[in-house]
Structures are given as structure tokens and as C-alpha cells.
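Order-wise, the sequence lines are chains A and B. Numbered per the working numbering, the first sequence finishes at 1209, counting up by one with no gaps. Numbered per the working numbering, the second sequence finishes at 1209, counting up by one with no gaps. Just so you know, even glycine gets a beta-carbon here, dropped at the ideal spot from N, CA and C.
Number of protein chains: 2
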Amino acid sequence: MSQLRVIALESVRAACQGCLLAHCCLPEGLVLEEIVRLDEIAKRTRLLHRGDYLFQTGDRFRALYIVKTGVVKRFAASTAGEQVVGFHLPGDVLGFDGINHQRHDCSTMALETAALCEIPFARLEVLAREVPRLQHQIYCVLSRVISGETEMLLLLGKKNAEERLAVFLVNLSQRLQRRGLSPSDFYLSMSRHDIGSYLGLAVETISRLLMRFQEDRLLRVERKHIQLLNLPALTALGHGTGATRRQQHQR
Amino acid sequence: MSQLRVIALESVRAACQGCLLAHCCLPEGLVLEEIVRLDEIAKRTRLLHRGDYLFQTGDRFRALYIVKTGVVKRFAASTAGEQVVGFHLPGDVLGFDGINHQRHDCSTMALETAALCEIPFARLEVLAREVPRLQHQIYCVLSRVISGETEMLLLLGKKNAEERLAVFLVNLSQRLQRRGLSPSDFYLSMSRHDIGSYLGLAVETISRLLMRFQEDRLLRVERKHIQLLNLPALTALGHGTGATRRQQHQR
DNA sequence: CGCGGAATTGATGTGCATCAACTCGGGTGG
DNA sequence: CCACCCGAGTTGATGCACATCAATTCCGCG
């Protein structure tokens, strides 16, 4: 029995460096034994290729998903076409939109080959009741999602194109760093079109701004490959404190 | 004992027609006994007057709040002044932004005299563990908040001024109706400035659009008093299907 | 009654969308 | 293996929706 437990722990440590352990946000703050129990209810990893849907608007809600590798975009359809409402990197948790109505109200598609961990929500709810720390972590993740969306509201409501793109790049950089990847040298797996849709801007604007940032020595861009050369300046730009161009209008 | 329970139930039914029963989103789907237990952990009602803060950015997170009467606005500060990120009517639940960091990252202020029910989060977590239906309801409320913010992202990212204001009015109307109030005749307790900030538009634009809607017989407006005269047309406008003006650009 | 913030109304400016033309690169099939 | 093709990206010219500025008017409140 104790041996079984040991094996379980080992397997968690081993398997893809701890599918949940290494990659997901959820288990921060959980002890190893609790992670094992979480791992037990997780279904087999789902593998998606570029263009594959994880779920679509209207699909029945069954599970939450944790991105293990790859990048996915989340988008919703309005009458004027679709808009990207989020990009998700390894460690991000997906699917909360479906809890309320038992149906997803947005779609999720892989931008590159991606592996996701599927956690049936019904079983998660039961487990959360037994493991208070897990319950608390779920609340934290939900709270973080809400805070993140609120930040996007500020971005879309008050910031100009330059600030939006700067915030986007800095934010991406920080998230990559948190995953142990390079914060200043990375590939954009999403198209200019997706970025524009996400930031409420036209493709052409994204293109022009990237060129301008490059001229200003803030970054180097070559197709989908980005190198951030002056992160502090980019951060300042994003906060509207970059005195690069004309003085900031305040509404 | 049984008598105590009876008294408790009665008091719930009686007190402001069930402070929690009638007004809050949370107890939908709970049985009466569960509502009583929720009511037991709720602290005394907080009363705010116009301009009073419920909490401010940086305040320590302790509790969730349910609006019982009145209207409050939630806003966040960026470098370019502050932006309204939500209006909350009776029945709405507030404060989720604070769970993650144990600090609120936005401020909340009463727009008119308002009464709020305060539910200490730590005690709510404990109770949720014992009452599965309550736990599920909390997830549902959080999910609804996320869906609502995603909808705002679509609005700010893709819709023009006309559509934004139409969506805002229709949405307000629906929420009022759900609370048993008139969906077509109400007071705007928020200023034009607040509405503009929320919708990412200038005060002058709000003013001009309201006038235009009035000319088009969609509504009647006199200062803060609004009467919606043609809800279907307004709804259509909000969805971008209103062929009122020029054809819709799609990005 | 008179002050001050909120709202309206008009005139002007501009940031970014839109349209259009062109280039580039990568995948495919002959 | 190269020529072709097509979607993605870039670049330039133009227009417009909405911000901004400015001047009243309106109303609530002391």
C-alpha cells in the first residue's frame, strides 16, 4: 500500500516531468499527495495539431483543460466575424466559461501542436470538497482569470495601438519567463491577424507598429521570430509613460 | 431546536423578503435550509451613500459582497486616469478580484445609497465544503462573471459607438427585468462620464448618441430618466444587424 | 440666488481602419 | 527540383468615426 503510493509519486515526478506538477497553475500550493489525487482523476492527455479544435461554441461542458505544451487561441463569434479573446500558454487553465450554462460560449483552437490535460469537472468538484487546498486553488485560478480579463478591458478601453501592442509583448514575455522560457527571444505562433483581433486593431496596424518598434530599436522582428531588445522601454510604452511620441491624451 | 430552525426560516422569508433569498444570485439552486446557513455566516448589512467606497485598490481581501439595493460602480486605475469596469445592480456578487492575491485590484463606489451583504470568504469556503450545492453555485457565479467580461471584450474590441451604447442599454434593461423592475423605464444612476468610461467612449459621444436614439424614436431620455421605446430595434442595433446606418465593416 | 459640476452642442483634428497594390515564403504537384 | 500558387505580411494612399477643444446651457445644491 505504502509502496503503491510511492510508485504513484514516482510516476508523477517522472511522467512528462509531472504533467500536472510541472505545467499547471492549479497545483501551486498543493502537496505532492494531493497532486497525485488530482492526477488520478485527469483523463488521458489530448493531443491537438494546428487548426484542431479543443471545443467549440455550444459544445457541452465536461472538463477543464490545462495546457501542457503548445499554444492555443480562444475566440468568440459575434455578428461581425470572430474575435480572439485569449492566447493560452503551457500552464494555463481553460474552459471556465462553460460551468454556468453547461455549454462553452467560446471556441478553442490549437495554433501549433499542443498537448492538453483534461480534468472532468464533476470529479474535480468532488475532489475539491475533500481537499480544501485544491478548492482554494481553484478559486485562485478563477480569480486570476477574472483579474486578467479586467486588465484587458482597461487595455481595450483606454489604450492606443502603440500601448496595446507593447502591453501584449511584455505580457507574453513575462508569461514565457514564468514557464522557464526565454523572455526576450521567442516565436509568435499566432498570426498578425490573430494579434490584431485580440487587441482590437487591424492587421496593417500590427505590421506597421512592429516595424516602428524595430526602427526604434525596441525589438527585432523577422517573420514570427521576435527578440525584445529594450524590455524596460517597452514596458514604459505599455504604461503610457513612454514619452516616445506626442503627449498622452487622457480622456 | 426544531422551533429554532422554524424561526430561522421564517426570519429569512421575512427579512427584506429574504435578504439573500430574494436578492442574490448565489442561492439560486439552494434549498431553504442551505440559505439559512449562508445567512448565518453573513455579517451585518453594509450601508453606503453616494460616493462611499466599499473597498479600494490595494485593500486587503476579506469578503464577497452581494448588492441588495442601489447601484455601485467598479473601476480600476491605469496611468491614464481611471476606467469603470462594471456596474452592479441588486443581486450581483462582488469582490472576486481579490481572492488570488488577497488584495483587491479595483475599487468599488456607491453611485446612490446602497445596501450590501458581506460574506467573509474564509467562512464561505468552509461552508461550501459542507454544502456541495453552494460550492457549485459559487463556481457558477464565477463562471458567469468570466463570461460577462468576455462579452465586454467583444464589445470593446469590435463594436462601434452606436452598437456599444445599444448593447449597454439592452443589457441594463434585461438585468433590471430579472430583478423584477421595469425593463423599459428606469433611472441611470451613473453619469454620462461613467458610461463613457465603461464603454471606452467620450462623454460627448454618449450624449450625442442618446440624442440620436431619441430622434430615431428608439427611446426617450430626460437627464437620467430613460424610457426604451423600441427594445427590438435597440437589440438589433447592438448586434450590428441594425441596418440603420451604413453597412457594417468587418475587420 | 448664485455657484459649479454635468450635460449638451458645434467646430476641428487625428489615429487608425480601409482599400489597394505589391512582396514574400512555403507548400504542392508536375 | 523547380515553377507555380496562395495565403500571410508589408507598404502606401485615403477616408472617416470618434476624440478633442471650446462655448453654452442646464440643473442640483448650498
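Contact with chain A is absent for Val1051/B, since none of that chain's Cβ atoms lies less than 8 Å from the residue's Cβ.
Contact of Cys1075/B with chain A by beta-carbon distance below 8 Å is absent, the smallest such distance being about 19 Å.
Contact residues of the stretch 1029 to 1045 of chain B toward chain A are Ala1034, Ser1036, Thr1037, Ala1038, Gly1039, Gln1041 and Val1043 (C-beta to C-beta distance below 7 Å). Taking a Cβ-Cβ threshold of 9 Å, the residues of chain B close to Thr1108/A are Arg1032, Ala1034, Val1043, Gly1044, Asp1055, Asp1063, Cys1064 and Glu1107, in chain order. Contact check for Phe1054/A against Leu1100/A passes: the beta carbons are separated by less than 8 Å. Rounded to whole angstroms, the separation of the alpha carbons of Leu1074/A and Gly1044/A is 16 Å.
Going by beta carbons, Arg1150/B and Val1161/B fall inside the 8 Å limit. In this structure, Thr1066/B is the residue among Gly1009/B, Thr1066/B and Glu992/B with its C-alpha nearest to the C-alpha of Gly1016/B. Excluding sequence positions up to five before and after Arg1081/A, its CB lies within less than 7 Å of the CB of Ile999, all in the same chain and listed in chain order. Within chain A, Phe1054, Asp1055, Leu1100, Val1103, Ile1104 and Glu1107 have C-beta atoms less than 8 Å from the C-beta of Ile1104/B, given in sequence order. If you draw a 10 Å sphere on the C-beta of Leu1195/B, you find 16 or more other C-beta atoms in it, and that means buried. Rounded to whole angstroms, Ala1072/B and Val1025/B show a C-alpha spacing of 7 Å. Of all residues in the stretch 1145 to 1163 of chain B, only Gly1154, Ser1155, Tyr1156, Leu1157, Gly1158 and Ala1160 place a beta-carbon less than 8 Å from a beta-carbon of chain A. Annotation for Val1128/A: the continuous alpha helix (DSSP H) segment containing it runs Ala1119 to Arg1136. For a Cβ distance threshold of 8 Å, residue set Pro1090, Gln1093, His1094 and Tyr1097 of chain B lies close to Glu1083/A, ordered along the chain.
For Ser1036/B, the enclosing beta strand (DSSP E) begins and ends at Val1030 to Ser1036.
At a cut-off of 8 Å between C-beta atoms, Lys1182/B does not count as an interface residue with respect to chain A. Short of 6 Å from the beta carbon of Ser1147/B, and not among the five residues preceding or following it, lie these beta carbons of its own chain, in chain order: Val1029, Leu1069 and Glu1070.
Residue-level contact check: Arg1087/B touches chain A, since one or more beta carbons of chain A fall below 8 Å from its beta carbon. Distance from Val1042/A to Tyr1156/A at the Cβ level is roughly 4 Å; contact confirmed, criterion being Cβ atoms closer than 8 Å. Taking CB atoms only, Leu1111/A has a neighbour in chain B less than 8 Å away. A direct Cα-to-Cα measurement between Gln1093/A and Arg995/B gives close to 20 Å.
Leu1186/B is bridged by DSSP to Leu1177/B. DSSP places Asp1050/A in the coil class of the three-state scheme, outside both helix and strand.
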